[in-house]
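Working notes for the structure below.
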Amino acid sequence: MPHISLVHTYAPNQIRVMYETVELGSYTIRIFTDLEGNIDRHAHTISVYPVRLETAVPIKPEATLRETVGHGLFAIQAQLYDLGGQTRLEANLRLQAELEQPRGMNLMPKRVINRIAQGITDHRMREMADGFIRAALAAYHDCEGCEAMCLLAD
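Numbering (our numbering), first residue to last: 700 to 853.
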């Protein structure tokens, strides 16, 4: 999936991933989340949801002049429908993170920052949803019997 990389595997269906992007050409955003996943081949569903793992190192929120790091929540529920020669996928994607603002943005008016952040969030959510749909369809058809997390690890 775009901007998402595997950080650690705790179990075949439990992982830590990092979302990383550079916005406005100079601000790096890193959001970590621990996930658990499941593929139900009988129900034709793929579920990825946040999980609290006792063995996971906590993420310390941090903001510097041009970077912010924090913990977020990510979840996706996808239902696949066999349409004969095609597969339709309906997905519900949720993303939540409260991050400290990079100090380099402290002089910008709050409403400008909010407008920029909303535009970036909308664009990135569409980008992640498109990436997930492509990966989910490929994995669902090509990855017979694999764990749900193979979707995000690729």
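Just so it is clear, CB atoms sit at the ideal spot from N, CA and C, and this is done for glycine as well.
Bear in mind that the values here come from a model prediction, so they are computed numbers and not experimental data.
Q) Do you know how far the Cα of R765 is from the Cα of A742? A) For the purposes of this step, residue 742 is taken as residue 43 along the sequence shown, with counting starting at 1. For the purposes of this step, residue 765 is taken as residue 66 along the sequence shown, with counting starting at 1. Here the alpha carbon of A742 sits roughly 45 Å from the alpha carbon of R765.
Q: Run through the region 705–767 for me and flag every whole beta strand (DSSP E) of 3 or more residues, listed as ranges in chain order.
A: Entirely contained in the region 705–767, the beta strand (DSSP E) runs reaching 3 residues are, in chain order, 713–722, 726–739 and 744–749.
Q: Look at the Cβ atom of L798, then the Cβ atom of A762, and state whether they are nearer than 9 Å.
A: Residue 798 sits at position 99 when you count from the first residue of the sequence shown. Residue 762 sits at position 63 when you count from the first residue of the sequence shown. Less than 9 Å divides the Cβ of L798 from the Cβ of A762.
**Q.** Cα-Cα separation between I714 and L806, rounded to whole angstroms
**A.** By 1-based counting over the sequence shown, the position of residue 714 is 15. By 1-based counting over the sequence shown, the position of residue 806 is 107. Going by the C-alpha atoms only, they are around 37 Å apart.
Q.
I need the boundaries of the beta strand (DSSP E) containing R793, first residue and last residue.
A. As a working note, residue 793 is residue 94 in the sequence shown. For R793, the enclosing beta strand (DSSP E) has its first and last residue at T786 to A796.
Q: Please say whether A835 and L788 have beta carbons closer to each other than 9 Å?
A: For the purposes of this step, residue 788 is taken as the residue at position 89 of the sequence shown. For the purposes of this step, residue 835 is taken as the residue at position 136 of the sequence shown. The criterion of a C-beta distance shorter than 9 Å is satisfied by L788 and A835.
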